[in-house]
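Protein chains: 2
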Amino acid sequence: MSSKDRCVKLYIIGLGLYLKQITLEALEILRDRCEKIFAEEYTSISSRGGIEDLEKIIGKKIIRVSRKDLEDLNGEILLKNLRENVNTCLITWGDPMTATTHVSIAKRAVEEGFCIRYVPGISSIHAALGFTGLMIYRLGKISTITFPKDNILSEYPYHVLRENMIRGLHTLYLLDIDVEKNIFMRTSDAVRILLELEERFRENLFNEKSFVLGIHIDEDTIICGGEAKFMLKDPLKEVPQILIVPSKLFVTEDEYIRSLGLKYDRCITIS
Amino acid sequence: MSSKDRCVKLYIIGLGLYLKQITLEALEILRDRCEKIFAEEYTSISSRGGIEDLEKIIGKKIIRVSRKDLEDLNGEILLKNLRENVNTCLITWGDPMTATTHVSIAKRAVEEGFCIRYVPGISSIHAALGFTGLMIYRLGKISTITFPKDNILSEYPYHVLRENMIRGLHTLYLLDIDVEKNIFMRTSDAVRILLELEERFRENLFNEKSFVLGIHIDEDTIICGGEAKFMLKDPLKEVPQILIVPSKLFVTEDEYIRSLGLKYDRCITIS
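Written out as structure tokens, the structure reads:
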């Protein structure tokens, strides 16, 4: 047996945005190679089907880990298992490694001499572009809009919007989510925050007539499109959500969005 | 039965980067809902497992379509089937809808009154970031490096590099691929082209000592990291490949890349 074969391994596995989006590869690894499975659900959540359903499919118990376990305690619970020669899996909804926490834990595992294997899952960013027909070549820097903390509103999303708009690039916003605290920002909240930042900076980057898209990805994906004012009415109910502020649309993008009827204050379901 | 249920549907399905990366959702749709399946393999290719293997898994025949079918003939073959009330599937490796062609065909289908359903697949862009630990928040505009056409070399990749570097963002390059013509650009080719463009513009954006990462994603993913000069030696053999020119690395990114030993002219396999 080569040293590679004997390497105790940490698998960092993305499950996709809902249970059916899991890949055959992830399923196979969960079934055949994971001796202990830990699920992190505070940075993302499934739109449909949960950890209990996954437990039934793979016939194994899955242990929940909290933000405290992974961040404050640096994923020590995973490292402890690896040190006891247990092939250990960390699973999360969507795609892992987008979170700095996962990268830090992977680094720790490698530094202690363990092998790692990242298993990609469907990412909300990529899927949101696919559903709206926006070109990835025209995507600018990605940012997150968060609720004010200690009454301080992050101005960063506005700066990102400016930079992207100058370059004619679309801006995709991930929205504040903290499953442990039951916080799920909606596109209506995000639009309100962008309007507040516009009020503060007055650079005319964003107003009530700006064209925006809101998306909830699920087996029945819902896309709302129209003026920011429309999104303020909270037409998109389900969470988690993504907000896109497109720059000037390229002709194929514009035609596609028009064909879906999303140009003028409307929501559609793609199922 | 509602009108929605009766809607004849065009499914545009991503298979992921190799056969095992297919999602349960894609498999289920291929098995249960696709009455006719067309595969487009000229914009992307599987790293492992092909259309024949997929045919065996789902127990259905899959028809190949060419660039001519989809681009010159505007996907007429798909529309023809939809008009005959046949639920039709277009499958492709990786994620679809990144290609303008797929978006155009989806638009045509919607305009003719058919329903569409995009089914996301694992994208090489997202997976390349996950494997290298680079943060998606620090990713700049994406671009493609192509071989010279009629002796003219596109200067666009250099302009994208400039824009991204000014903003401190990483540049990810997809590399020229044309399966029908057996063209697969390698990271060594791409680095050579960037050096040639540097020679032309002399803005000191890129030189033989620039840090770059090359990735081939597969069940055994290979990552090479080091100076551009190292990549010129063609250490990464398998195709398709992606080239990343990172901007200044963030501390977690730098630590992760160092832990993998990728900082100084080395290739590793993650399996």
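Taken in order, these protein sequences are the chains called R and Z. Every number in the numbering used here is 330 more than the matching position in the first sequence, counting from 1. Every number in the numbering used here is 330 more than the matching position in the second sequence, counting from 1. Idealized CB from N, CA, C, for every residue including glycine.
For my contact list, residue i and residue j are in at a C-beta cut-off of 8 angstroms; report their separation, rounded to the angstrom.
i	j	result
Leu527 (chain Z)	Met495 (chain Z)	About 13 angstroms; that fails the 8 angstroms criterion.
Leu409 (chain Z)	Glu382 (chain Z)	About 26 angstroms; that fails the 8 angstroms criterion.
Glu370 (chain Z)	Thr422 (chain Z)	5 angstroms
Glu401 (chain Z)	Thr431 (chain Z)	6 angstroms
Thr353 (chain Z)	Thr353 (chain R)	5 angstroms
Ser577 (chain R)	Gly498 (chain R)	5 angstroms
Arg516 (chain Z)	Asp584 (chain Z)	That belief does not hold up - the Cβ atoms of Arg516 (chain Z) and Asp584 (chain Z) are roughly 26 angstroms apart, past 8 angstroms.
Tyr503 (chain R)	Ile572 (chain R)	7 angstroms
Ile600 (chain R)	Ile523 (chain R)	Their Cβ separation, rounded to whole angstroms, is 27 angstroms, which puts Ile600 (chain R) and Ile523 (chain R) out of contact at 8 angstroms.
Leu505 (chain Z)	Leu543 (chain Z)	At roughly 13 angstroms, the Cβ-Cβ gap does not stay under 8 angstroms, so Leu505 (chain Z) and Leu543 (chain Z) are not in contact.
Could you check where the beta strand (DSSP E) with residue i kicks off and where it finishes?
i	result
Tyr503 (chain Z)	501 to 505
Ser473 (chain Z)	473 to 475
Arg596 (chain Z)	596 to 600
Ala409 (chain Z)	It is worth fixing the name first, because residue 409 (chain Z) is Leu in this sequence and not Ala. Not the beta strand (DSSP E): Leu409 (chain Z) falls in the alpha helix (DSSP H), residues 406 to 413.
Val575 (chain Z)	572 to 575
Ile342 (chain R)	339 to 344
Arg447 (chain R)	445 to 449
Ile421 (chain R)	418 to 422
Glu370 (chain Z)	366 to 370
Gly544 (chain R)	541 to 546
Going by CA-CA distance only, name the one from the options that's closest to residue i.
i	options	result
Ile472 (chain Z)	Z:Asn481, Z:Pro478, Z:Ala458	Z:Ala458
Thr280 (chain Z)	Z:Val509, Z:Cys597, Z:Phe477	This structure does not reach residue 280 (chain Z), given that chain Z is present from 331 up to 601, and the question cannot be answered.
Ser518 (chain R)	R:Pro570, R:Ile359, R:Glu549	R:Pro570
Leu483 (chain R)	R:Glu529, R:Arg438, R:Arg497, R:Lys366	R:Glu529
Val521 (chain Z)	Z:Val575, Z:Pro450, Z:Tyr486	Z:Val575
Gln351 (chain R)	R:Ser577, R:Asp548, R:Gly544, R:Asp506	R:Asp548
Gly379 (chain R)	R:Thr501, R:Gly424, R:Cys445	R:Gly424
Leu464 (chain R)	R:Phe580, R:Tyr488, R:Lys339	R:Phe580
Thr501 (chain R)	R:Ile513, R:Ile466, R:Thr599, R:Asp508	R:Ile466
Val449 (chain R)	R:Gly544, R:Pro426, R:Glu510, R:Ile388	R:Pro426
Glu568 (chain Z)	Z:Leu562, Z:Asp595, Z:Phe514, Z:Glu585	Z:Phe514
Lys391 (chain R)	R:Ile545, R:Ile587, R:Cys419	R:Cys419
Asp508 (chain R)	R:Ala439, R:Arg397, R:Phe531, R:Glu365	R:Arg397
Cys364 (chain R)	R:Gly405, R:Met561, R:Asn411	R:Asn411
Arg438 (chain Z)	R:Lys593, R:Tyr594, R:Ser589, R:Thr599	R:Ser589
Val416 (chain Z)	Z:Tyr594, Z:Lys366, Z:Leu592	Z:Lys366
Cys337 (chain Z)	Z:Val395, Z:Cys445, Z:Leu403, Z:Ile388	Z:Cys445
Lys386 (chain R)	R:Phe531, R:Val542, R:Asp399, R:Leu360	R:Leu360
Asp362 (chain R)	R:Ile393, R:Ile388, R:Asn512	R:Ile388
Ile375 (chain Z)	Z:Val433, Z:Leu566, Z:Lys511	Z:Lys511
Asn404 (chain Z)	Z:Ile393, Z:Val433, Z:Gly470, Z:Thr582	Z:Val433
Val395 (chain Z)	Z:Phe368, Z:Leu384, Z:Ser377	Z:Phe368
Phe531 (chain R)	R:Ile393, R:Tyr488, R:Val440	R:Tyr488
Taking all protein chains shown into account, decide if residue i is buried (16 or more other Cβ within 10 angstroms of its Cβ) or exposed.
i	result
Tyr341 (chain R)	buried
Glu355 (chain R)	buried
Ile435 (chain R)	buried
Tyr486 (chain R)	exposed
Ile343 (chain Z)	buried
Lys339 (chain Z)	buried
Glu533 (chain R)	exposed
Arg413 (chain R)	exposed
Asn481 (chain Z)	exposed
Lys479 (chain R)	exposed
Arg447 (chain Z)	buried
Arg468 (chain R)	buried
Thr428 (chain R)	buried
Tyr586 (chain Z)	buried
Tyr594 (chain Z)	exposed
Identify the continuous alpha helix (DSSP H) that holds residue i and give its terminal residues.
i	result
Leu524 (chain Z)	517 to 531
Glu585 (chain R)	581 to 589
Ile435 (chain R)	430 to 441
Thr462 (chain R)	454 to 462
Tyr488 (chain Z)	486 to 496
Lys559 (chain Z)	558 to 562
Arg394 (chain Z)	Counting along the chain, Arg394 (chain Z) falls outside any alpha helix (DSSP H), though it belongs to the beta strand (DSSP E) covering 393 to 395.
Glu382 (chain R)	381 to 388
Ile359 (chain R)	354 to 362
> Looking at C-beta atoms only, is the number of pairs between the segment 344 to 353 of chain Z and the segment 472 to 489 of chain Z that lie closer than 8 angstroms three or more?
Replying inline: no
> Between the segment 449 to 457 of chain R and the segment 481 to 492 of chain R, do three or more beta carbon pairs fall short of 8 angstroms?
Replying inline: no
> With contact counted as at least three CB pairs below 8 angstroms, one residue from each stretch, are the segment 557 to 564 of chain R and the segment 536 to 543 of chain R in contact?
Replying inline: yes
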